[in-house]
Amino acid sequence: MNSMNNENDAAKTAERQQGFESPETIDAELAQALSHFKASIHAWSEAAYSRPRTVAPTLRQRSWRLAAGWALGCVLVAGSVSGGLVERHHRIAAEQMAAAQRAAEQASQLREQQAQAKVSDSDVTDEVLLAGVDSDVSRQVPSAMEPLAQMMQDDESK
Amino acid sequence: MTTADDAAAEEFARIVERHRPQIFRFLLSSTRDVDLAETLTQECFLKAHRNWGSFRGESSAMTWLMRIAINLQKDHWRNRRMQFWRTTRTNSVDLDEASEWLPSGEGSAEQHLLARERVGEVWKAVKGLSERQRTVFLLRYVEEQELSEIAAATGLSEGTVKAHLSRAVARVRLELGGKR
Chain A
1 MNSMNNENDA AKTAERQQGF ESPETIDAEL AQALSHFKAS IHAWSEAAYS
51 RPRTVAPTLR QRSWRLAAGW ALGCVLVAGS VSGGLVERHH RIAAEQMAAA
101 QRAAEQASQL REQQAQAKVS DSDVTDEVLL AGVDSDVSRQ VPSAMEPLAQ
151 MMQDDESK
Chain B
159 MTTADDAAAE EFARIVERHR PQIFRFLLSS TRDVDLAETL TQECFLKAHR
209 NWGSFRGESS AMTWLMRIAI NLQKDHWRNR RMQFWRTTRT NSVDLDEASE
259 WLPSGEGSAE QHLLARERVG EVWKAVKGLS ERQRTVFLLR YVEEQELSEI
309 AAATGLSEGT VKAHLSRAVA RVRLELGGKR
């Protein structure tokens with residue numbers, strides 16, 4: 001009998017050394033806790049097992065919940081997609097407007113530059129013309145009167 | 159032929175009547191979800207009914223059914239992990255609620271309260287166990303199955319069952335010891 005006990009103890013020691021101990025080596029307190037645990041689950045299971053079956057409503061509820069979840073998900077996805085599209089559309093419109101404004105500004109600048117260039121060209125022509133006019137006007141004696149003027153000069157010298 | 163079919167159906171009906179509460183209890187303790195436990199119990203017996211012809215009686219009907227239940231439960235958790243949105247849709251009761259179910263066998267109110275606390279601590283430890291450890295622990299200490307039956311139901315060797323059980327008990331002991 002003693003040798004059998006020794007063998008059991010040795011087996012338990014060997015099991016402990018291998019990293020686990022025999023499940024039977026539980027103290028009284030643990031045994032009581034486990035017994036309460038078992039009683040608790042048995043009581044809960046009996047109560048749940050004998051309750052009125054509500055399988056159909058539960059199924060219906062679950063399918064409603066599932067459908068509602070899917071619908072909500074679809075709405076959220078559609079909302080986010082359409083929001084993104086609207087946002088993109090606004091951004092593209094704003095970019096197009098800005099590009100058009102830039103093009104208009106560039107065109108107006110070009111027109112101004114061309115106008116300035118024309119103005120400067122006309123200034124040059126006028127100056128040249130005026131210079132010509134001045135030289136013509138600045139003649140003291142018209143060419144038709146030049147022989148008379150020469151005669152007068154000859155008389156004066158005499 | 160019809161008589162043989164009728165006899166098989168009658169036998170299966172008897173098995174359902176006899177083992178259904180135990181299968182339900184195991185699934186309830188594993189999932190802490192009454193609706194899910196009911197669903198999985200139904201699936202278990204549906205599967206058993208389909209395969210009743212292939213049951214050769216090498217193990218007991220209870221062990222065979224328990225094996226189906228364990229596999230169904232495993233599949234359920236695997237699917238749940240794969241489909242992450244299902245994790246938000248759980249009906250598992252919390253540990254305090256699970257601990258409320260204690261028969262009023264204890265003498266004083268204080269003792270009853272203490273017993274409830276202890277049950278809560280065991281639940282907490284069980285929640286922290288791995289799937290296999292939990293299954294082995296529940297089969298041993300709630301269903302009071304022998305190690306050989308647990309090994310047959312889980313498909314593990316007896317040595318592996320012992321190791322899982324020992325680690326589970328150590329975890330429970332640690333949880334109980336930590337609260338003292």
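For the record, the sequence lines run as chains A and B. Under the numbering used here, the first sequence has 93 at position 93, and the numbering climbs by one with no breaks. Heads up, the numbering used here is the position in the second sequence plus 158, with the first residue counted as 1. Using N, Cα and C, we set each Cβ at its ideal position, and we do this for glycine too.
| task | Evaluate contact between the stretch 277–290 of chain B and the stretch 160–175 of chain B, counting only Cβ atoms and requiring at least three cross-stretch pairs below 8 Å. | result | no
| said: Considering Cα atoms alone, identify which of B:V294, B:E333, B:G211 is closest to G317 (chain B). | reply: B:V294
| said: Less than 8 Å between CB atoms is the rule here; does L194 (chain B) satisfy it with respect to chain A? | reply: no
| message | Out of B:E258, B:E275, B:V319, B:E304, which one is the CA nearest neighbour of S288 (chain B)? | response | B:V319
| task | Use the C-beta contact count for W70 (chain A): other C-beta atoms within 10 angstroms, 16 or more gives buried, fewer gives exposed. | result | exposed
| task | Show which residues of chain B have a CB atom less than 8 Å away from the CB atom of L34 (chain A). | result | V280, Y299, V330
| query | From H89 (chain A) to Q109 (chain A), what distance separates their C-alpha atoms? | reply | 30 Å
| query | Does the beta-carbon distance from P36 (chain A) to V277 (chain B) come in below 8 Å? | reply | What sits at residue 36 (chain A) in the sequence shown is His, not Pro. In this structure, V277 (chain B) lies closer than 8 Å to H36 (chain A) by Cβ.
| For Q106 (chain A), is the classification buried or exposed, using 16 other Cβ atoms within 10 angstroms of its Cβ as the cut-off for buried? | When all chains shown are included, Q106 (chain A) counts as exposed.
| field | Partners in chain A for R154 (chain B), counting only beta-carbon separations shorter than 7 Å | value | The first residue shown for chain B is 159 and the last is 338, placing residue 154 (chain B) beyond what the model contains.
| message | Closer than 7 Å between beta carbons: that is the criterion. Which residues of the stretch 59–83 of chain A meet it against chain B? | response | Answer set for the stretch 59–83 of chain A: empty.
| message | Quick check: what's the CA-CA separation for D233 (chain B) versus A43 (chain A)? | response | 27 Å
| message | Rounded to whole angstroms, what is the Cα-Cα separation between Q269 (chain B) and F203 (chain B)? | response | Going by the C-alpha atoms only, they are around 40 Å apart.
| query | Counting contacts by CB-CB distance shorter than 8 Å, is A48 (chain A) in contact with chain B? | reply | yes
| said: Within a Cβ cutoff of 8 Å, which residues of the same chain sit near W222 (chain B), ignoring the five residues on either side of it in sequence? | reply: A206, F213
| field | Residues that S187 (chain B) contacts on chain A, provided the C-beta gap is smaller than 7 Å | value | I41
| query | Which first and last residues belong to the alpha helix (DSSP H) in which R290 (chain B) is found? | reply | In the DSSP assignment, R290 (chain B) falls within the alpha helix (DSSP H) that extends over 289–299.
| query | Going by beta carbon distance, what residues of the same chain come within less than 7 Å of L323 (chain B), once the five residues before and after it are set aside? | reply | V294, F295, R298
| Roughly how many angstroms lie between the CA atoms of R274 (chain B) and T199 (chain B), to the nearest whole one? | 28 Å
| task | Note down, in chain order, each residue of its chain lying with its Cβ closer than 7 Å to the Cβ of G84 (chain A), except the 5 sequence neighbours on either side. | result | none
| field | alpha helix (DSSP H) segment containing E268 (chain B), residue limits | value | 267–285
| field | Residue nearest to A47 (chain A) in terms of C-alpha spacing, selected from B:G215, B:L186, B:N209 | value | Out of B:G215, B:L186, B:N209, B:L186 has the C-alpha closest to the C-alpha of A47 (chain A).
| message | I want to see whether chain B comes within less than 8 Å of S45 (chain A), judged by CB atoms only; does it? | response | Taking 8 Å as the threshold, the shortest C-beta distance from S45 (chain A) to chain B falls below it.
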